[in-house]
Each structure stands twice: as C-alpha cells, then as structure tokens.
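Chemist: Got a structure for you, questions after.
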Amino acid sequence: MSIIPTIQQRLFSCCRDALDQNDDRLSLLKTLLSLISEQERRYLIDVEDATHRAPLFYAIESGKSLIFLRQLLDFQVRITNRILLCAIRYGNLDILKLLNQYGADFKQTYYGISLLHECILLHKNDLISFLIEQGDIDPNTLDYDNQSPLLYAIFRTNIEAIFILLKHSCIDPCLISTRKQQLTSFHVACELGIDEVLPSMMKFISILNINNKNNLFMNATSLEKFSSLFDLFLSNGAKLHHLTKAYRRTRASYVTKIFT
1 MSIIPTIQQR
11 LFSCCRDALD
21 QNDDRLSLLK
31 TLLSLISEQE
41 RRYLIDVEDA
51 THRAPLFYAI
61 ESGKSLIFLR
71 QLLDFQVRIT
81 NRILLCAIRY
91 GNLDILKLLN
101 QYGADFKQTY
111 YGISLLHECI
121 LLHKNDLISF
131 LIEQGDIDPN
141 TLDYDNQSPL
151 LYAIFRTNIE
161 AIFILLKHSC
171 IDPCLISTRK
181 QQLTSFHVAC
191 ELGIDEVLPS
201 MMKFISILNI
211 NNKNNLFMNA
221 TSLEKFSSLF
231 DLFLSNGAKL
241 HHLTKAYRRT
251 RASYVTKIFT
C-alpha cells in the first residue's frame with residue numbers, strides 16, 4: 001500500500017502536464033494503470049486533488065488525445081459534472097461524443113447551470129445541437145435564476161446560438177421570464193435591438209402573448225435603437241392599444257400611420 005501515493009501522484013502528473021516533444025504520455029499512462037490493482041482501481045482513477053480535479057479532468061484540460069482519454073475511460077472512470085464542464089470549456093465535439101459512448105449524463109448541472117447554458121456563455125455554438133439531440137438536454141431548461149438558454153444567448157448577443165435554439169425549442173419565447181424582473185426572451189431581444197432574430201422568434205409566439213403588454217414593455221431610450229420593430233409587431237397581429245405609453249410616445253409617426 002505504500003506505493004499508492006506514488007502511483008497517484010504520477011497519474012496526476014501524467015494527465016496534467018503538457019506533452020513534451022520526446023515524452024510518450026500514453027505509454028506512461030498504460031504503465032501506471034497496469035500497476036493499479038482491482039481493489040485500488042476506482043479509488044485511484046476517480047480521486048480528486050485539493051483543487052477538486054480528477055485525472056480525467058486534467059487529461060481533458062491539458063489537451064490529451066482521444067486515445068489517451070479512452071485509456072482512462074476504459075477503467076470505468078466516473079464522469080462527474082466537473083469533468084463534463086471541463087469538456088465544454090476545454091474540449092470539443094469529439095470529446096463529448098467519446099464521453100457519451102461511456103454513459104456520460106449531460107443533464108447534470110453545476111451550481112444550477114446546465115451544460116447548455118455554459119456552451120452559450122462561452123460561444124461554443126458547435127456543441128449546442130449535440131447536447132440537445134444526443135445529450136437529451138431540454139433546450140428550455142432553466143438555470144438557478146429562471147433564465148432559459150435562449151435568454152442567455154440573447155443577453156450575450158450570441159446570434160448563432162439564438163437561431164440554433166429556436167430551431168430546437170418548442171416553447172413560446174414569451175412564456176419564459178427572468179425571476180426578478182419578469183422579462184421574457186422576446187422582451188430582452190426587443191430592448192437590446194437584436195432586430196435580425198425577431199422575425200424568427202415571432203413564429204413561435206402566439207398573438208395572445210404578443211398582445212400581452214407586460215411582454216412588450218420597453219422604455220423610450222431602448223426603442224431609439226431600431227426602426228422596423230413596430231411594423232413587425234403589427235404584421236404579426238399586435239394591437240396598438242396593448243402597447244405601452246412609452247412605446248407609443250416614441251413611435252408617434254407609426255401611431256399616426258395606423259390611424260389614417
């Protein structure tokens with residue numbers, strides 16, 4: 001048992017350190033794994049250091065090859081939420097596919113944040129469809145603050161992610177709102193003036209929700225950012241008397257046009 005700490009330290013070093021030009025880390029890993037007995041295997045392969053990082057975490061973070069990662073996964077390593085978060089931050093689609101082959105649960109969250117939210121936060125847009133289609137993550141899942149992935153994408157003006165989520169989402173963008181301010185995804189897109197996504201969002205919004213004055217509240221300052229929104233509302237069934245006074249005041253020329 002006295003050699004366990006030594007193997008453990010060498011395993012961490014092998015997975016954590018960058019690959020030197022003349023250093024075959026894969027061979028070293030195979031050697032270390034061969035020294036681990038059945039009784040010690042799960043402990044040594046899953047143990048975390050003082051920073052709560054396991055060997056697989058370090059292997060992904062340091063950019064080890066898929067073959068290297070597979071060697072660890074073949075030891076039935078536990079795929080925790082920290083490891084999945086690391087794969088989102090430092091990995092790529094191939095790594096997610098590999099983890100999926102070994103039974104990764106992509107629906108795990110980290111402090112109330114889903115992997116889908118993390119993808120959008122980091123603009124890892126190429127991973128979004130995989131997490132929804134293969135990882136079985138609900139595209140309308142909410143974080144600890146009641147924010148949907150779509151709202152995350154809108155707040156960060158991640159246009160590509162918005163269109164991807166609209167393709168997968170089956171929820172009215174007016175129905176999911178933030179907990180504190182009761183702002184919907186559609187509301188925020190309007191306030192930020194992200195004109196290019198509004199027509200696509202309109203396709204998923206019922207006329208009833210378009211005409212909900214709470215969902216269409218906007219202040220005069222934010223409305224100065226764009227010009228075509230009023231016509232877009234009207235073409236999708238919005239009623240003038242349901243819009244707020246601030247909106248009507250700012251768009252006086254449109255109001256006149258509607259009444260003539």
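Note that full-length UniProt numbering has the sequence shown beginning at 1, numbered continuously upward.
All C-beta atoms, glycine included, are put in the ideal place defined by N, C-alpha and C.
1) Leaving out five residues before and five after Leu44 in sequence, what residues of the same chain have Cβ atoms less than 8 Å from its Cβ?
2) Closest to Gln147 by C-alpha separation, out of Gly112, Thr51, Glu133, would be which residue?
3) DSSP beta-bridge partners for Ile60?
4) Please look up how many angstroms separate the CB atoms of Leu127 and Leu150, rounded, as I've assumed it's under 8 Å.
5) By DSSP, does Tyr110 sit in helix, in strand, or in coil?
6) Under three-state DSSP, which class holds Thr6?
7) Can you tell me whether DSSP reads Thr51 as helix, strand or coil?
8) Bridge partners of Thr80, per DSSP?
9) Could you give the distance in angstroms between the alpha-carbon of Ile76 and the alpha-carbon of Ile194?
10) With a 10 Å radius around its C-beta and 16 neighbouring C-beta atoms as the bar for buried, classify Ala18 as buried or exposed.
11) Alpha carbon to alpha carbon, what distance is there between His52 and Ser129?
12) Kindly indicate which three-state DSSP category Ile36 falls into: helix, strand or coil?
13) Output needed for Ile60: all residues of its chain with C-beta closer than 8 Å, excluding positions within five of it in sequence on either side, in chain order.
14) So, at 6 Å on beta carbons, what are the nonlocal neighbours of Leu56 in its own chain, with the 5 sequence-adjacent residues on each side left out?
15) Would you kindly work out how many angstroms separate the C-alpha atoms of Gln16 and Ala54, rounded to a whole number?
16) Return the CA-CA distance between Ile162 and Asp49, expressed in angstroms with no decimal places.
17) Out of Phe204, Thr157, Ser169, His168, which has the shortest C-alpha to C-alpha gap to residue 331?
18) Is the beta carbon of Phe186 less than 7 Å from the beta carbon of Pro199?
19) Since Leu99 and Ile120 should fall inside the 8 Å C-beta cutoff, what is the C-beta to C-beta distance between them, to a whole number of angstroms?
20) Can you tell me whether Thr184 is buried or exposed? The criterion is at least 16 other CB atoms within 10 Å of its CB, across all chains shown.
Modeler: Well, looking at it:
1) Ile4, Ile7, Gln8, Leu11, Ile36
2) Nearest neighbour of Gln147 by Cα position, chosen from Gly112, Thr51, Glu133, turns out to be Gly112.
3) Answer is none; Ile60 lacks a bridge partner.
4) Incorrect: roughly 16 Å between the Cβ atoms, too far for contact.
5) Reduced to three states, the DSSP call for Tyr110 is strand.
6) helix
7) Residue state, collapsed to three classes: coil.
8) Answer is none; Thr80 lacks a bridge partner.
9) According to the sequence displayed, residue 76 carries Gln and not Ile. If you take the alpha carbons of Gln76 and Ile194, they lie about 46 Å apart.
10) exposed
11) Taking the straight line from one Cα to the other gives about 29 Å.
12) coil
13) Leu69, Ile83, Cys86, Ala87, Tyr90, Gly91, Ile95
14) Leu72, Val77, Ile83
15) Correcting the residue type first, residue 16 is Arg in the shown sequence and not Gln. Between Arg16 and Ala54, the C-alpha separation is close to 10 Å.
16) 38 Å
17) Look at the range of the chain in this structure, 1 to 260, and you will see that residue 331 is not part of it.
18) The Cβ atoms of Phe186 and Pro199 do not sit closer than 7 Å to each other.
19) Between Ile120 and Leu99 the Cβ distance is about 19 Å, and since that is not below 8 Å, they are no contact.
20) buried
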